[in-house]
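Heads up: the structure comes next, in structure tokens.
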Amino acid sequence: MPAYQFTAIDASGKQQKGVLEGDSARQIRQQLRDKEWIPVSVDPVENKEKNKSSGLFQKKITAYDLALMTRQLSVLVAASIPLEEALRAVAKQSEKTHVQNLLLSVRSKVLEGHSLAQGMQQSGRFPDLYIATIAAGERSGHLDLILDQLSDYTENRFAMQKKVQGAMIYPIILMLMSFGIVMGLMTYVVPDIVKTFDQSKQALPWITVALMKSSDFIRLSWPFLIGFIVIVLFLMARFLKTSAGHYTFDRLTLKLPLFGKLSRGINSARFASTLSILTKSGVPLVDALKIGAAVSSNWVIRDAVNQAAEKVTEGGNLATQLERCGYFPPMMVQMIKSGEASGELDRMLERASNMQDREVTTFISTLLALLEPLMLVFMAGIVLVIVIAVMLPIVNMNNMI
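Mapping to full-length UniProt numbering: the sequence shown position 206 is 206, numbers consecutive.
Next up, the structure:
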């Protein structure tokens, strides 16, 4: 039974929006009239989703929405509730209209005879990892177990994402406040303090002269500086959207001391987690490698994994190929090699995934813990330079007297 998104006016004159299921738009209008509502528009959810997917401001499924719907669907399917009923129940539980529409459009595909994975793939809104895992669960007949594993995976990804976002709040606020304080000092405080030095014929120290010139430059040119920064950021964003820009940025990131290690760690953890859940779900190793490459945020590492997948297709060893590319930790490669030798690759991948997640979490926590005192030291250094530049002429004048 297809779903329709409606807009109607209720008895009190307020506009109401929602989703109803029916055989036709005419039946939906009749349902609204039975409630004494006046139908304004009734459109199939599938058409709405197609229009949104081709639009500029497409509403994406957040990590939280994906984790929540996966867990709810896992519980309902494990309780032997029919899939179409489970999809409808999860859609009703969601408070977001675009999530309801998406789930109901997938449900309509399931009712038409498509599999759950096919319905999700046709919607164009679910990750490749998600679709491949569910397809493997449907083929093996253990969709409930696969959904449970997928729930754990999505929830862990969401927890790590929220942890990083939460840890970044304080350093970002501190950075903005430091920038604002420095700009305020250079624009308003310093000119008033050093104004008395202009009338004296005393030779000023070089640091004071540099501070005065910097203050004048910032005070007179700050609109142009802001405009220049905005233009540079806009051009950089446009360049990074191109393939050449993306590859340039990814290569540069891998060469940087700290950020290169962080990028390799994050992508290694994501690759190991993806490969682990796909191999446990019964997805062939070559297909799992291609999906694992697709979820990589660094295109250089993605190409290296794709090349490794081609070598594995030709009969090569996975651990050897990953070791040759040089982007994965030696411990992780060794664990994969041990898993291939023992025939327990899925179990070793799970261990490697957990190990990489812990290492990345620890590394990010260490970086963020170091960032806070570094920002304070940087701010204190700037204030110290300003104080020295202001106090040196006063000390020299006292010495002359």
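Using N, Cα and C, we set each Cβ at its ideal position, and we do this for glycine too.
Cβ-based neighbour list, Ala272, same chain, cut-off 7 Å, excluding 5 preceding and 5 following: Taking the first residue of the sequence shown as 1, we reach residue 272 at position 272. Hits under 7 Å: Met332, Leu349, Ala352, Ser353 and Gln356.
With DSSP run on the structure shown, which of helix, strand or coil describes Val283? Locating residue 283 in the sequence shown gives position 283, where the first residue counts as 1. If DSSP states are grouped into helix, strand and coil, Val283 belongs with coil.
Taking only three categories from DSSP, how would you classify Ala269? Position 269 of the sequence shown, counted from the start, is the residue given in the question as residue 269. In this structure, Ala269 counts as helix in the three-state DSSP scheme.
Do Pro171 and Glu314 have their C-beta atoms within less than 9 Å of each other? To locate residue 171, count along the sequence shown from 1; it is residue 171. To locate residue 314, count along the sequence shown from 1; it is residue 314. It is not a contact, given that the beta carbons lie outside the stated cut-off.
Contact set for Phe239: own chain, Cβ-Cβ below 7 Å, skip 5 residues either direction: Position 239 of the sequence shown, counting from 1, holds the residue named residue 239. So the qualifying residues of the chain are Gly245.
Name the DSSP beta bridge partners of Phe6, please? Within the sequence shown, residue 6 is the residue found at index 6, counting from 1. Answer is Gly18 and Val42, bridged to Phe6.
Where does Glu359 sit, in a helix, a strand or coil, going by DSSP? As a working mapping, residue 359 is identified with position 359 in the sequence shown. DSSP places Glu359 in helix when its eight states are reduced to three.
Whole-angstrom Cβ separation of Ala25 and Gln16, contact assumed at under 8 Å? Position 25 of the sequence shown, counted from the start, is the residue given in the question as residue 25. Position 16 of the sequence shown, counted from the start, is the residue given in the question as residue 16. Their Cβ separation, rounded to whole angstroms, is 17 Å, which puts Ala25 and Gln16 out of contact at 8 Å.
From Tyr4, Ile38 and Asp287, residue whose alpha carbon lies closest to that of Leu104: Reading the sequence shown from its first residue, position 104 is the one you call residue 104. Ranking the options by Cα distance to Leu104, first place goes to Tyr4.
For Ser215, count neighbouring C-beta atoms within 10 Å of its own C-beta (all shown protein chains included) and say buried if the count is 16 or more, exposed if not. As a position in the sequence shown, residue 215 is number 215, starting the count at 1. Ser215 counts as buried, since no fewer than 16 other beta carbons sit within 10 angstroms of its beta carbon.
Within this structure, are the beta carbons of residue 403 and Ala288 separated by less than 9 Å? Here the chain covers residues 1 to 401 and nothing more, so residue 403 does not appear.
Ala67 and Arg139 closer than 9 Å at C-beta: On the sequence shown, residue 67 is found 67 positions in, with the first residue counted as 1. On the sequence shown, residue 139 is found 139 positions in, with the first residue counted as 1. Going by C-beta atoms, Ala67 is not nearer than 9 Å to Arg139.
Classify Phe328 as buried or exposed, calling it buried when 16 or more other Cβ atoms lie within 10 Å of its own Cβ. Taking the first residue of the sequence shown as 1, we reach residue 328 at position 328. Buried, by the Cβ-count rule.
Between Ile229 and Ile173, what straight-line distance do the alpha-carbon atoms span, to the nearest angstrom? For this step, residue 229 is matched to residue 229 along the sequence shown. For this step, residue 173 is matched to residue 173 along the sequence shown. One C-alpha to the other measures close to 19 Å.
Tell me the DSSP secondary structure of Phe328 in three-state form. Here residue 328 corresponds to residue number 328 of the sequence shown, with the count starting at 1. Three-state DSSP puts Phe328 in coil, outside helix and strand.
Looking at Leu204: is its Cβ nearer than 9 Å to the Cβ of Pro393? Here the question's residue 204 lines up with position 204 in the sequence shown. Here the question's residue 393 lines up with position 393 in the sequence shown. Yes, these two residues count as a Cβ contact at 9 Å.
Count the other CB atoms within 10 Å of the CB of Gln165; is the residue buried (16 or more) or exposed (fewer)? For the purposes of this step, residue 165 is taken as residue 165 along the sequence shown, with counting starting at 1. Of the residues assessed, Gln165 falls on the exposed side of the cut-off, its CB having fewer than 16 other CB atoms within 10 angstroms.
Beta carbon of Asn317 nearer than 9 Å to that of Glu340: As a position in the sequence shown, residue 317 is number 317, starting the count at 1. As a position in the sequence shown, residue 340 is number 340, starting the count at 1. Contact: yes.
With the cut-off set at 9 Å, would you say Met186 and Arg219 are in Cβ contact? Within the sequence shown, numbered from 1, the residue matching residue 186 stands at position 186. Within the sequence shown, numbered from 1, the residue matching residue 219 stands at position 219. Yes, these two residues count as a Cβ contact at 9 Å.
If you drop the 5 nearest sequence neighbours on each side, which residues of the same chain put their C-beta closer than 8 Å to that of Leu258? Within the sequence shown, the letter at position 258 stands for residue 258. Contacts found: Leu367.
Report the residue from Ile336, Gln122, Val312 and Ile169 whose alpha carbon sits nearest the alpha carbon of Ala369. Stepping through the sequence shown from its first residue, residue 369 is reached at position 369. Here the closest residue by C-alpha is Ile169.
On the three-state DSSP scale, how would you describe Leu102? Stepping through the sequence shown from its first residue, residue 102 is reached at position 102. In the structure shown, Leu102 falls within a helical segment according to DSSP collapsed to helix, strand and coil.
Buried versus exposed, by CB contacts within 10 Å (16 or more), Met212: In the sequence shown, the residue the question calls residue 212 occupies position 212. It counts as buried.
Could you check what DSSP says for Arg264 in three-state terms: helix, strand or coil? By one-based count along the sequence shown, residue 264 stands at place 264. Helix.
Among Asn298, Glu323, Thr274 and Val286, which residue has its Cα nearest to the Cα of Thr248? In the sequence shown, the residue the question calls residue 248 occupies position 248. The residue with the shortest Cα to Cα distance from Thr248 is Asn298.
Closest by CA to Phe179, which one among Met375, Ala389, Leu322 and Val390? Within the sequence shown, residue 179 is the residue found at index 179, counting from 1. The shortest C-alpha separation from Phe179 is found at Met375.
Span of the alpha helix (DSSP H) holding Tyr188? Here residue 188 is taken as the residue at index 188 of the sequence shown, counted from 1. Taken as a continuous stretch (DSSP letters only), Tyr188 belongs to no alpha helix (DSSP H), as it is neither H nor E.
Range covered by the alpha helix (DSSP H) that runs through Gly343: Reading the sequence shown from its first residue, position 343 is the one you call residue 343. Run containing Gly343: none; DSSP gives neither H nor E here.
Span of the alpha helix (DSSP H) around Val77: The residue you call residue 77 lines up with position 77 of the sequence shown. First-last of the alpha helix (DSSP H) with Val77: Ala63 to Ala78.
Residue span of the alpha helix (DSSP H) that contains Glu95, given as start and end: In the sequence shown, the residue the question calls residue 95 occupies position 95. It is not in any alpha helix (DSSP H) - Glu95 carries neither H nor E in the DSSP assignment.
Is the Cβ of Leu73 closer than 9 Å to any Cβ of chain C? Among the protein chains of the structure shown there is no chain C, as only one such chain exists.
Looking at C-beta atoms only, is the number of pairs between the region 144-151 and the region 61-79 that lie closer than 8 Å three or more? Output reads yes: the region 61-79 touches the region 144-151.
Quick one: residues in its chain with C-beta nearer than 6 Å to the C-beta of Met379, no 5 flanking neighbours on either side, listed in chain order? By 1-based counting over the sequence shown, the position of residue 379 is 379. Result list for Met379: Ser178, in chain order.
Nearest to Lys255 (by Cα), restricted to the options Ala308, Ile301 and Asn101: For this step, residue 255 is matched to residue 255 along the sequence shown. Nearest option by C-alpha distance: Ile301.
Return the first residue and the last residue of the alpha helix (DSSP H) that Arg125 is part of. Taking the first residue of the sequence shown as position 1, residue 125 is located at position 125. Where Arg125 is concerned, there is no enclosing alpha helix (DSSP H), given that its DSSP letter is neither H nor E.
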